[in-house]
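Q: Handing you a structure now.
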RNA sequence: GCGGCUAUAGUUCAGCGGCAGAACGCCUGACUGUGGCUCAGGAUGUCGUGGGUUCGAUCCCCACUAGCCGCCCCA
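In the numbering used here, the protein residues as written are 2 to 440.
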């Protein structure tokens with residue numbers, strides 16, 4: 002059906018009951034964030050293209066080939082059209098807002114979280130979409146607010162461990178590394194390039210290319226034959242200055258004290274230019290090639306890069322789509338507890354041939370449903386023209402109990418209620434119905 | 001952006017160069033106020049889209065689109 006309009010490639014509709022899981026994850030995240038004193042920020046879905054070019058880095062894959070960018074109409078004839086971009090990530094937008102609203106002037110540490118869609122024009126596959134959803138948070142502020150303290154790094158990591166645990170995600174791994182200051186990284190890049198010259202001939206084709214273009218990425222290589230060679234390459238930790246070393250050591254000490262399990266991975270490098278010092282990923286098996294549930298790190302120079310004051314920070318972004326996939330896989334393993342269903346299904350019984358009586362019984366059904374829903378119950382309302390058998394079938398699929406509302410019940414004010422799990426049928430006075438259904 | 005696999009009923013999937021199939025789900029009835037179990041009956045559909053080969057294509061070929069897997073990269 003080529004004429005039929007479909008969701009565009011890499012985007013999708015989320016339907017019930019799946020959306021229930023999405024909401025549960027979001028609610029859990031909000032509740033954890035609140036306990037750590039984070040407030041929600043909502044930034045625009047599109048921004049000036051320059052924000053991402055300068056913030057994320059013009060040479061990154063994200064900026065150089067994955068952004069949805071277009072030219073807005075010029076506001077006046079003399080003006081040049083503005084280049085706008087659908088946000089590929091949210092950290093740059095949050096820092097832009099931090100600068101724009103002078104949040105640093107409060108002198109206080111800012112702890113902000115966001116939940117929302119991001120857009121990257123990549124080839125879609127499992128766990129990777131062109132519109133995808135991230136839950137993220139940033140801790141940012143002037144140096145005097147303690148934003149540069151390794152304690153903040155450790156606290157964010159400890160919070161993430163708590164959040165994943167509360168979500169019920171089992172078997173996650175925290176991998177952590179330090180990429181040092183931007184000067185450290187430049188030094189390391191040069192050292193790595195140097196060290197690769199004599200050995201790259203023996204490595205895989207991808208690595209030979211990476212050795213030229215982006216030596217850091219060689220460390221990510223998964224080809225088994227290359228591993229011994231990679232182990233002989235210089236480690237980034239040897240390029241760190243004393244300050245960065247001390248910072249990383251303090252993060253580790255705090256994680257140990259809090260009992261957060263982690264794996265130090267001196268080969269963990271991340272693709273965004275703004276990361277400095279601490280970088281980390283929480284990974285999970287069963288996500289295929291996209292094994293990262295979330296990633297993040299420190300970005301001490303980002304604010305200045307986009308024209309703001311010095312404002313060190315640390316943050317992360319977690320893939321909501323990937324959390325959902327992971328939890329769905331886990332629930333499938335546990336054969337998923339069957340859903341309880343709503344509290345009641347009201348089955349009005351009318352005569353399909355008598356329009357007046359049918360309308361009356363349906364109206365009575367709505368009045369009863371209103372009463373029960375206002376009492377906080379989850380109620381579905383049937384249709385008076387259905388045969389009772391049909392009402393039962395419909396009710397059995399979605400509700401724990403059926404409430405029969407026939408002419409007898411309407412006249413007497415005593416409803417007939419049947420519980421599907423016990424098959425027990427009970428007569429309940431209308432005044433006691435809400436309480437009865439609540440149990 | 002590159003490579004591999006796939007596309008048939010609401011869903012999961014068989015199938016074959018010559019009438020379109022199963023299971024589950026759905027609808028109706030047995031049962032005019034009683035579901036789940038059972039029994040009887042019924043409807044599933046432009047066989048992803050467009051083109052080509054052929055007397056004839058759901059099947060073979062090509063292109064496109066989409067999904068999955070891998071690469072790149074990332075959440």
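Backbone N, C-alpha and C fix where the C-beta goes; we use that ideal spot for every residue, glycine too.
#1: Where does residue 200 sit, in a helix, a strand or coil, going by DSSP?
#2: For residue 69, which residues does DSSP report across the bridge?
#3: Nearest CA to the CA of residue 211: which residue from 225, 199 and 194?
#4: Is it buried or exposed, residue 172, if we count other Cβ atoms within 10 angstroms and call 16 or more buried?
#5: Less than 9 Å between the C-beta atoms of residue 313 and residue 128, yes or no?
#6: So, helix, strand or coil for residue 430, using DSSP?
#7: Are the stretch 210 to 229 and the stretch 158 to 173 in contact at 8 Å, needing three or more beta carbon pairs?
#8: Could you tell me which residues DSSP puts in a beta bridge with residue 116?
#9: Can you pull the DSSP bridge partners for residue 291?
#10: Alpha carbon to alpha carbon, what distance is there between residue 275 and residue 381?
#11: Measure from the alpha carbon of residue 70 to the alpha carbon of each residue in 364, 88 and 56, then state which is nearest.
#12: So residue 277 is in the alpha helix (DSSP H); what residue range does that whole segment cover?
#13: The beta strand (DSSP E) with residue 178 in it runs from where to where?
#14: By how many angstroms is the C-alpha of residue 425 removed from the C-alpha of residue 6?
#15: Reducing DSSP to helix, strand and coil, say where residue 313 ends up.
#16: Just how far apart, CA to CA, sit residue 10 and residue 227?
#17: Is there contact here, the stretch 189 to 204 with the stretch 307 to 326, by at least three beta-carbon pairs under 8 Å?
#18: So, under 8 Å CB-CB, residue 344 and residue 438 are touching, yes? Tell me the CB distance rounded to an integer number of Å.
#19: Among 113, 97, 383 and 388, which one has its Cα closest to the Cα of residue 36?
#20: Suppose only complete runs of 3+ residues qualify. What are the beta strand (DSSP E) ranges in the stretch 6 to 60, listed by chain order?
#21: Whole-angstrom Cβ separation of residue 95 and residue 44, contact assumed at under 8 Å?
#22: For the alpha helix (DSSP H) containing residue 348, list its first residue and its last residue.
#23: Tell me the rounded alpha-carbon separation between residue 41 and residue 183.
#24: According to DSSP, is residue 108 part of a helix, a strand, or is it coil?
#25: For residue 347, which option in 379, 321 and 231 has the closest C-alpha, if you only look at C-alpha atoms?
#26: Compute the Euclidean distance between the alpha carbons of residue 68 and residue 92, then round it to the nearest angstrom.
#27: According to DSSP, is residue 405 helix, strand or coil?
#28: Pop quiz: residue 369 and residue 321 are said to be a contact at Cβ under 8 Å. What is the actual Cβ separation, rounded to whole angstroms?
#29: Where residue 422 and residue 401 are concerned, what is the direct C-alpha to C-alpha distance, given to the nearest angstrom?
#30: Select from 387, 83, 177 and 163 the residue whose C-alpha is nearest the C-alpha of residue 248.
#31: To the nearest angstrom, report how far apart residue 388 and residue 351 are at their CA atoms.
#32: Work out the CA separation of residue 33 and residue 1 for me, nearest whole Å.
#33: Suppose you measure from the CA of residue 409 to the CA of residue 393; what does that come to, to the nearest Å?
#34: Please work out which residues of its chain come closer than 7 Å, Cβ to Cβ, to residue 236, disregarding the five sequence neighbours upstream and downstream, and give them in chain order.
A: By the coordinates alone:
#1: Residue 200: helix per DSSP, three-state reduction.
#2: Per DSSP, none; premise fails for residue 69.
#3: Comparing Cα-Cα distances from residue 211 to each of 225, 199 and 194, the minimum goes to 194.
#4: The C-beta of residue 172 has fewer than 16 other C-beta atoms within 10 Å across all chains shown, which makes the residue exposed.
#5: Against a cut-off of 9 Å, the Cβ pair of residue 128 and residue 313 comes out as no contact.
#6: In this structure, residue 430 counts as strand in the three-state DSSP scheme.
#7: No, the stretch 210 to 229 does not touch the stretch 158 to 173.
#8: According to DSSP, residue 116 bridges with 136.
#9: By DSSP's assignment, residue 291 forms no beta bridge with any residue.
#10: Taking C-alpha positions only, residue 381 is separated from residue 275 by approximately 52 Å.
#11: A check of alpha carbon separations from residue 70 across 364, 88 and 56 identifies 88 as the nearest.
#12: Counted as a single uninterrupted DSSP element, the stretch harbouring residue 277 is not any alpha helix (DSSP H) but the beta strand (DSSP E) occupying residues 277 to 284.
#13: Note, residue 178: beta strand (DSSP E), 174 to 179.
#14: Cα to Cα, the separation comes out at about 48 Å.
#15: DSSP places residue 313 in coil when its eight states are reduced to three.
#16: One C-alpha to the other measures close to 36 Å.
#17: The way I'd put it, the stretch 189 to 204 doesn't touch the stretch 307 to 326; fewer than three beta-carbon pairs between them come closer than 8 Å.
#18: Right, their Cβ atoms sit about 5 Å apart.
#19: It is 113 whose Cα lies nearest to the Cα of residue 36.
#20: List check, beta strand (DSSP E) in window: 47 to 49.
#21: Going by Cβ atoms, the distance from residue 95 to residue 44 rounds to 6 Å, so yes, they are a contact pair.
#22: Going by DSSP, residue 348 is part of no alpha helix (DSSP H) but of the beta strand (DSSP E) stretching over 345 to 349.
#23: The alpha-carbon atoms of residue 41 and residue 183 are separated by roughly 30 Å.
#24: Coil.
#25: Ranking 379, 321 and 231 by Cα distance to residue 347 puts 379 first.
#26: In a straight line, the C-alpha of residue 68 is about 15 Å away from that of residue 92.
#27: Assignment of residue 405 by DSSP, reduced to helix, strand and coil, places it in the strand class.
#28: Incorrect: roughly 39 Å between the Cβ atoms, too far for contact.
#29: The alpha-carbon of residue 422 is positioned some 7 Å away from that of residue 401.
#30: If we check each option's Cα against that of residue 248, 177 comes out closest.
#31: C-alpha of residue 388 to C-alpha of residue 351: approximately 9 Å in a straight line.
#32: The first residue shown for the chain is 2 and the last is 440, placing residue 1 beyond what the model contains.
#33: In a straight line, the C-alpha of residue 409 is about 18 Å away from that of residue 393.
#34: Excluding residues within five positions, the ones whose Cβ falls inside 7 Å are 267.
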